[in-house]
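In what follows, a structure is listed as structure tokens, so that the remarks can point back to it.
Residue numbers (the working numbering): 115 to 222.
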């Protein structure tokens, strides 16, 4: 993605999954925020984001409050197709990408 948008910045709120991207490769572009986020903080982050990525790896994920919040605030969303995301994004309010397909996620 940095080849297309060289000044892109990724803010990941929460603890990174052990199989995730090594941020040491992109220290000026990937930032982790491991602190608690209040509802107000989440609103600020989601309103400021160009895209909200909701890439759950668990096909059994039931719901996502942050996805609902992002869509309610008008933020573009990209998600893996667990049941809730597939339902709320079916009307072109975002994009669904296959599970475990990092190329599709990057393209979206």
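All residues carry an ideal CB built from backbone N, CA and C; glycine is no exception.
Excluding the 5 residues flanking it on each side, residue 204 has no same chain C-beta neighbour closer than 7 angstroms. Straight through space, the alpha carbons of residue 144 and residue 202 are spaced by roughly 28 angstroms.
In the three-state reduction of the DSSP assignment, residue 202 falls in the helix class. Under the 10 Å beta carbon count, residue 149 is surrounded by fewer than 16 other beta carbons and is classified as exposed. In the displayed model, residue 144 falls within a strand according to three-state DSSP.
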